[in-house]
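Going by our numbering, the sequence shown opens with residue 16, and the numbers climb by one from there.
Notes follow the structure.
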Amino acid sequence: MKPEEVTRSRPLAPLTTLRAGGAAEQFYCARDREALASAAAYLHANEMEVTILGSGSNVLPSDRGVPGFTLLNRTSDIEVGPGGEVVADSGAAFQDLFLKTAQAGLAGFSYAVGIPGTVGGALASNAGAYRSCIAEFITGVEVVEDGVRSWIGPEDLQLSYRDSRLRRGDAGRCIVLRLRFQLEPGTPALIYDDARDYQRQRIGKQPPPASAGSFFKNVYDQGLADSLPGLPERLRASGVVPSGFLIEAVGLRGYRIGGAMLAERHANFILNVGRATASEIRSLAELAKARVADRFGTEIEEEVLYLGDWADWQSVGKP
Ligand SMILES: Cc1cc2nc3c(=O)[nH]c(=O)nc-3n(C[C@H](O)[C@H](O)[C@H](O)COP(=O)(O)OP(=O)(O)OC[C@H]3O[C@@H](n4cnc5c(N)ncnc54)[C@H](O)[C@@H]3O)c2cc1C
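Now the structure itself:
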């Protein structure tokens with residue numbers, strides 16, 4: 016990382032799918048794995064605050080910006096080896112991982128079509144869809160953690176539903192460089208048919224951009240599921256309550272604060288429908304949380320991560 020490659024006050028909104036938020040105090044774009052590894056090791060050794068950004072499809076940077084260093088991950092190698100072993104850079108697009116593995120006749124990632132993130136971002140939130148998630152096929156993860164580069168096992172990352180330790184605490188102390196997967200051969204026609212089918216379902220229910228996909232995680236609560244008359248039987252049986260169902264039930268579908276709106280088509284999507292500030296988006300999220308908590312006694316938890324300086328932040332929405 017040469018000094019001339021570091022930018023100050025780099026606006027982050029264009030690097031997020033929500034198109035909102037402030038600037039990175041210092042910013043560096045790593046275009047290959049070695050550049051990413053050495054930047055991470057240097058920043059850790061110098062006790063700098065680090066934030067890593069992939070495709071920015073699951074984050075909301077504060078309007079006040081992101082202090083310290085933001086590393087933009089533009090690494091992209093994917094190697095498909097013999098016997099179903101696949102090694103992908105953390106900056107590779109999740110959809111490219113599907114394409115490369117499908118071309119090699121390997122099954123497992125059909126659900127990744129339509130998820131607009133990197134493999135590293137997918138790992139942080141254990142991204143998934145249609146009853147699959149990235150954790151299922153991981154055998155190893157190369158990281159720079161507290162300045163030390165090593166391979167660790169997936170069990171070290173505490174992966175669970177839309178969660179891992181990469182989302183918690185001082186997440187920038189663990190930067191993922193590469194992921195290793197073990198996949199099984201599949202029937203090519205079925206792999207592509209599944210992908211097409213998932214994509215069709217997505218197009219049917221997803222609102223248009225700009226969004227970060229589902230803003231809140233689903234709620235796993237059998238008691239709550241049993242108490243909701245309108246919940247589809249399939250969801251009641253598995254004790255899953257979509258957050259969108261709860262937000263719709265409290266009458267917030269289509270509700271707006273400034274340029275932020277809870278989508279008409281899918282109430283768990285917050286849309287930036289016109290120069291929304293990060294504060295407006297978060298205010299809408301807080302409003303949805305408060306209304307759901309009041310009515311159902313349930314805390315819905317954000318899937319989207321708030322980045323940067325939110326200290327002393329105050330909601331601009333109604334209580
Ligand atoms: C239209 C749309 C549809 C979506 N559909 C789905 C879906 O079906 N299922 C689903 O699970 N998600 C979905 N998402 C959310 C999002 O795309 C995924 O979570 C995605 O995998 C995030 O990847 P990213 O590169 O954009 O991560 P970013 O948003 O850039 O980062 C997310 C988090 O991961 C951390 N991170 C990123 N890279 C690394 C790394 N190399 N090392 C350590 N930490 C890292 C970041 O610091 C941040 O905390 C959707 C989003 C959109 C906009």
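Backbone N, C-alpha and C define an ideal beta-carbon position, used for all residues, glycine too.
Quick caveat: nothing in here was measured; it's all calculated off a predicted structure.
- Short of 8 Å from the beta carbon of glutamine 237, and not among the five residues preceding or following it, lie these beta carbons of its own chain, in chain order: Gly254.
- Across the set Ser53, Gly129, Ala137 and Pro203, the C-alpha of Ser53 shows the shortest separation from the C-alpha of arginine 164.
- 9 Å or more divides the Cβ of alanine 282 from the Cβ of leucine 33.
- For alanine 300, the CB contacts under 7 Å within the same chain, skipping 5 residues up- and downstream, are Phe230, Ile285 and Glu317 in chain order.
- In this structure the segment 111-131 does not lie against the segment 176-187, because fewer than three pairs of beta carbons, one per stretch, are closer than 8 Å.
- At a cut-off of 8 Å, the beta-carbon of proline 26 does not count as near ligand 1: no heavy atom of the ligand is closer than that.
- C-alpha of valine 21 to C-alpha of arginine 146: approximately 41 Å in a straight line.
- Leaving aside the five residues that flank isoleucine 315 on each side, the residues in its chain whose CB is nearer than 6 Å to its CB run, in chain order, Phe231, Ser258, Lys304 and Val307.
- Rounded to the nearest whole angstrom, the CA to CA distance from valine 288 to alanine 278 is 10 Å.
- Around the beta carbon of tyrosine 235, fewer than 16 other beta carbons lie within 10 angstroms, which makes this residue exposed.
- For the pair proline 200 and glycine 120, the CB atoms are nearer than the 9 Å cut-off.
- Rounded to the nearest angstrom, the gap between the Cα atoms of glycine 168 and threonine 202 is 29 Å.
- Going by DSSP, valine 307 is part of the alpha helix (DSSP H) stretching over 293-311.
- Cβ atoms of serine 140 and asparagine 88 stay farther apart than 8 Å, at about 15 Å.
- Bounds of the alpha helix (DSSP H) holding proline 203 are 203-220.
- In this structure, ligand 1 has no non-hydrogen atom nearer than 8 Å to the beta-carbon of cysteine 44.
- Here asparagine 233 is buried. Its C-beta has 16 or more other C-beta atoms within 10 Å.
- Between glycine 36 and serine 77 a beta carbon distance of about 6 Å is seen, short of the 8 Å cut, so the two are scored as contacting.
- With fewer than 16 other CB atoms across the displayed protein chains lying within 10 angstroms of its CB, isoleucine 218 is exposed.
- Rounded to the nearest angstrom, the gap between the Cα atoms of aspartate 324 and arginine 79 is 6 Å.
- Note: aspartate 178 is bridge-paired with Ser175 in the DSSP secondary-structure output.
- Between the segment 182-201 and the segment 43-62 there are three or more C-beta pairs closer than 8 Å, enough to call the two in contact.
- With respect to the C-alpha of glycine 106, the residue from Asp92, Cys148 and Pro26 having the closest C-alpha is Asp92.
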